[in-house]
Every structure is written in structure tokens, then in C-alpha cells.
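Heads up: the sequence shown begins at 130 in the numbering used here, then just goes up one per residue. Idealized CB from N, CA, C, for every residue including glycine. Right, one structure below, let's go through it.
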Amino acid sequence: MNKLIAVVGPSGVGKTSLVRALSKAGDFSVAYEQHAERPFQSLFAESTSGTGKQYKRYALANQLDYLLFRAEQEKALRAAPHIALTDGGLDLDFHGFTRLFHARGWLDDAEFDLCRRFYIWNREFLPPPDLVIALNAPEETIRQRLAARNRINIASEDDTLLFNKFLEEWLDTIAPHQKMRMDVSGEGLDFSRSAQLILGRL
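Right, dumping it as C-alpha cells:
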């Protein structure tokens with residue numbers, strides 16, 4: 130079974146940029162978030178600005194679609210010919226985004242529990258990543274990067290502290306030799322410095 134590396138962190142920290150830098154520097158099989166291709170992402174993003182029940186209409190469909198999509202990606206990556214890289218991944222989508230959306234009230238308790246059961250069921254068949262690279266940067270850096278992005282953002286800069294809390298709770302369950310923490314606040318747009326540090330460890 131192929132080795133899987135997951136790059137995780139809050140929205141705007143640079144996960145996609147780092148994965149692209151690594152894929153240019155070495156032979157990797159790669160999977161990205163693909164926000165534009167997800168059928169419920171834009172509908173959910175639009176509905177979160179509403180009130181009442183409307184803002185919850187697409188939350189569950191969006192999360193289950195993402196969890197299923199990430200599980201499908203992992204299955205394909207494990208069978209790929211090269212070391213695999215994923216931008217975010219199944220664990221981040223559950224421990225980070227699904228928990229955040231539950232905390233924000235976009236998923237109710239029963240819907241969150243359905244996502245939890247679905248995630249656990251998938252993890253029974255798919256082993257966790259062999260290495261988790263956790264990116265971090267100051268809030269101001271993340272705020273600037275989010276503002277410069279040309280893509281759908283559901284988790285905003287205001288969610289960063291809570292998202293990081295959920296992320297840290299998950300990271301604390303991972304053995305030290307299976308995770309790598311990186312402060313990317315001073316990293317350039319090409320993420321070349323961080324990419325070289327990671328390649329040196331692999």
C-alpha cells in the first residue's frame with residue numbers, strides 16, 4: 130500500500146500552495162480539495178448568508194459529499210505508483226470543518242453524528258495518513274491570504290481560532306513520528322523553503 134502524506138491547517142494557511150510546490154519538486158501522486166467541482170459547495174456558501182432554516186439546507190449534503198470524496202481520493206492515492214500527497218484530506222474535513230460547522234449551528238447534533246459515524250466507518254477500511262504536515266501562521270497572515278484568494282470560502286478568518294482548537298485536539302492523538310509541524314508565516318508564494326524541508330525528511 131502506498132504511503133500517504135496529508136497537509137493540514139486552517140483555510141488560507143497555504144496547504145494547496147505547499148502541495149503544488151512539493152509536486153513540482155518530486156514524483157508524487159496528488160489530490161486537491163476541488164472546491165469548484167463539489168456540487169453543494171457554492172450552494173452551501175450562498176445559504177450561510179441567509180437566516181432561519183435556509184442556511185442549513187445544504188450543510189449536511191456538502192459535508193457528506195466532501196467526506197465521501199476524500200475517502201474516494203485516499204483509496205485511489207493508496208493504489209497510485211508514487212508517494213501520495215493530499216491537500217487537507219478526510220481527517221481535516223471531519224475534525225476541522227465538520228466540527229466547525231456543527232459548532233456554528235450549520236449541522237445539528239443528529240447530522241453531526243451521521244457525519245461522525247460515516248467518518249469512523251471509512252477509517253475502519255482506510256488507514257490514516259502515514260505523515261501529517263500541520264501548517265500554521267499568525268491570524269493576520271491567514272486573513273491576508275484568505276482575502277487574496279479567488280475561490281469559495283465558507284470558513285472565514287473569524288473561524289480560525291475555533292478551527293485551530295479542533296485541529297489541535299485531533300493532532301494531539303497522532304504519534305510524534307507521524308506528524309510534522311511547520312510555521313509558514315514567512316514563506317513565499319512558491320513555498321520552496323518548506324518544500325525542501327519536507328523533502329529532506331522523506
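Would you mind sorting residue i into buried or exposed? The rule is 16 or more other CB atoms within 10 Å of its CB.
| i | result |
| --- | --- |
| Arg199 | buried |
| Ala304 | exposed |
| Lys153 | exposed |
| Thr302 | exposed |
| Leu260 | buried |
| Gly181 | Interpretation of Gly181 is limited by its pLDDT of 42, a score under 50 that renders its predicted location unreliable; the figure taken from the coordinates is listed afterwards. Per the 10 Å Cβ criterion, exposed. |
| Leu335 | What is shown of the chain runs 130 to 331, which leaves residue 335 out entirely. |
| Lys204 | exposed |
| Phe241 | buried |
Determine the direct distance from the alpha carbon of residue j to that of residue i, and round the result to whole angstroms.
| i | j | result |
| --- | --- | --- |
| Glu162 | Asp194 | 12 Å |
| Pro267 | Leu229 | 19 Å |
| Phe292 | Gly138 | 9 Å |
| Asn191 | Ile249 | 18 Å |
| Leu290 | Ile212 | 32 Å |
| Ala160 | Asp238 | 30 Å |
| Phe223 | Pro258 | 14 Å |
| Glu201 | Leu221 | 15 Å |
| Ser321 | Thr215 | 18 Å |
| Leu147 | Phe157 | 13 Å |
| His231 | Cys244 | 10 Å |
| Asp312 | Leu264 | 6 Å |
| Phe295 | Leu197 | 21 Å |
| Val136 | Thr270 | 18 Å |
| Ala226 | Leu331 | A small fix is needed here, since residue 226 is Phe in this sequence, not Ala. Taking the straight line from one Cα to the other gives about 28 Å. |
| Trp235 | Phe247 | 18 Å |
| Lys308 | Ile262 | 6 Å |
If you measure from the beta carbon of residue i to each beta carbon in chain D, is any gap under 8 Å?
| i | result |
| --- | --- |
| Asp238 | Going by chain labels, chain D is absent from the structure shown, which holds only one protein chain. |
Look up residue i in the DSSP assignment and say whether it is helix, strand or coil.
| i | result |
| --- | --- |
| Phe247 | helix |
| Ile212 | strand |
| Lys132 | coil |
| Phe230 | helix |
| Val142 | coil |
| Ile303 | coil |
| Ser152 | helix |
| Ala320 | Residue identity check: residue 320 is Phe in the sequence provided, not Ala. It is coil, neither helix nor strand. |
| Ala190 | helix |
| Asp312 | strand |
Which residues in the same chain as residue i place their Cβ atom closer than 6 Å to its Cβ, once the five residues preceding and following it in sequence are excluded?
| i | result |
| --- | --- |
| Thr145 | Asp216 |
| Ala324 | Ala150, Leu151 and Ala154 |
For residue i, which residues in the same chain have their Cβ closer than 8 Å to its Cβ, ignoring the five residues on either side in sequence?
| i | result |
| --- | --- |
| Lys132 | Ile212, Ala213, Asp259 and Leu260 |
| Leu255 | Ala200, Glu203, Lys204, Arg207 and Leu219 |
| Leu328 | Leu151, Ala154 and Gly155 |
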